[in-house]
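Colleague: For the sequence shown, counting from 1, position 38 maps to 38 in UniProt numbering; every step adds exactly one.
Ideal Cβ positions, reconstructed from N, Cα and C, are used throughout, including at glycine.
The structure's right below; bear with me while I get my questions together.
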Amino acid sequence: MSRKGLQSKTGAAKGEVESPTVETIDLPDVAEPAREGGLRAKVESAVEKVKEKVTGSAAPAKAEEAPKAETKAEAAKPDAAAPVKEKVKGHPLQHKWTLYFDSKSFNPSAAATTPQSGGAHTPDAAHAQSWEAALKLLGVYTTVESFMSIFATLRRPSQLERNSNYHLFKSGIKPMWEDPANANGGKWVLTLRNTSGALLDRSWMWLVLALIGEELDDGDTITGAVVSTRAKGDRIALWLRTKDDVELINRLGKKLVHLLDVEREPGVSLEFSFNSGGAPL
């Protein structure tokens, strides 16, 4: 992994992000097929960890059942004092997550990169509206089971056309710089050049599971993540709502490297960029 990438894209003193010191990860000396062969087991284990994280137990939450009436007459009687309880099935997530997709191959007129902020009547604003209109909503998820039932059926990032993107963001936050939650933040961008599609797919899967399981962020700093297929190098970006807390940003950068197990991967670099005035994805 390139250490050059572990730096801020800007040289400004204010808000400058220092390079996090990433500890060396000792990886087993095994063949690549063997590592990928164990991916399914690791994913299944990660899903179980997510369930335990969000509920404190591996067992799914039981749906609340209304007490049965003894007779039909009693069942017909209204009971104003009895609250209506919503049935919850599965393992509820701490945050509600929304998954989007966009691609130039489906909408050639729309840009495949997130637009930069602009005024209400500027070309940038119109560009942003066009880009947002091209987003395809894949679903909104509140439980581990509802998310995985859809996520597991999607094409892997390595199988997508070039200039395609998956966006996973906390519900209520749009996957664009203009959203108030992102406007004053930045992102860690992991770039994979001349690497295998398996590494891209694995990294995205592990990051997604960590996000819905709240494994990376104890607070509310992370707003979402994006995986992008590009000719010059595929990218995975972790979006943050801050760009000024250097210590927090670097801590999350180190955790991201450890999570994705890419410290010793050739062709992989990591850098931080600001959402306002930074280079687009």
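For GLU271, which of helix, strand or coil comes out of DSSP?
Modeller: Against the sequence shown, residue 271 aligns to sequence position 271. In the structure shown, GLU271 sits in a strand (DSSP, three-state: E or B).
Colleague: According to DSSP, simplified to helix, strand and coil, what is GLU265?
Modeller: As a first step, residue 265 is located in the sequence shown; it is residue number 265 there, counting from the start. GLU265 falls in the coil class under three-state DSSP.
Colleague: Considering ASP201, what are the terminal residues of the alpha helix (DSSP H) in which it resides?
Modeller: By 1-based counting over the sequence shown, the position of residue 201 is 201. Note, ASP201: alpha helix (DSSP H), 197 to 212.
Colleague: Can you say whether THR153 is buried or exposed, counting buried as having 16 or more other CB atoms within 10 angstroms of its CB?
Modeller: Here the question's residue 153 lines up with position 153 in the sequence shown. Exposed, since its Cβ has fewer than 16 Cβ neighbours within 10 Å.
Colleague: LEU248: which of ASP234, ILE222 and THR229 sits nearest, CA to CA?
Modeller: For the purposes of this step, residue 248 is identified with residue 248 of the sequence shown, where counting begins at 1. The residue with the shortest Cα to Cα distance from LEU248 is ILE222.
Colleague: Which term fits SER149, buried or exposed, when burial requires 16 or more other beta carbons within 10 angstroms of its beta carbon?
Modeller: Translated into positions along the sequence shown, residue 149 becomes position 149. Burial call: exposed.
Colleague: Bridge partners for GLY186 per DSSP, in chain order?
Modeller: Translated into the one-based positions of the sequence shown, residue 186 becomes position 186. Its beta-bridge partners are LEU240 and PHE274.
Colleague: Among LEU207, LEU259, LEU135 and PHE147, which one has its Cα closest to the Cα of GLY90?
Modeller: Residue numbering aside, residue 90 sits at position 90 when the sequence shown is read from its first letter. That would be PHE147, whose Cα lies nearest to the Cα of GLY90.
Colleague: My assumption, with CB atoms under 8 Å, is that TRP204 sits in contact with LEU252. Please give the rounded CB distance.
Modeller: To locate residue 204, count along the sequence shown from 1; it is residue 204. To locate residue 252, count along the sequence shown from 1; it is residue 252. No, TRP204 and LEU252 are not in contact; Cβ-Cβ is about 17 Å, not under 8 Å.
Colleague: Cα separation between THR99 and ILE236?
Modeller: Your numbering for residue 99 matches position 99 in the sequence shown. Your numbering for residue 236 matches position 236 in the sequence shown. Looking at the sequence itself, residue 99 is Leu, so the reference to Thr does not match. Whole-angstrom Cα-Cα distance: 15 Å.
Colleague: If you reduce the DSSP assignment to three classes, tell me which class LEU259 lands in.
Modeller: Translated into the one-based positions of the sequence shown, residue 259 becomes position 259. Three-state DSSP puts LEU259 in a helix.
Colleague: As a quick exercise: from SER269, GLU178 and TYR166, pick the residue whose alpha carbon is nearest that of LYS232.
Modeller: Looking up residue 232 in the sequence shown gives position 232. It is SER269 whose Cα lies nearest to the Cα of LYS232.
Colleague: Considering only residues of the same chain and omitting the five flanking positions on each side of LEU135, which have a CB-CB separation below 7 Å?
Modeller: If you number the sequence shown from 1, residue 135 lands on position 135. If we look at LEU135 and ignore the five residues flanking it on each side, its Cβ neighbours are TYR100 and ASP102.
Colleague: Distance cutoff 8 Å, beta carbons only. Does LEU192 sit that close to anything in chain C?
Modeller: No chain C is part of this structure, which consists of one protein chain only.
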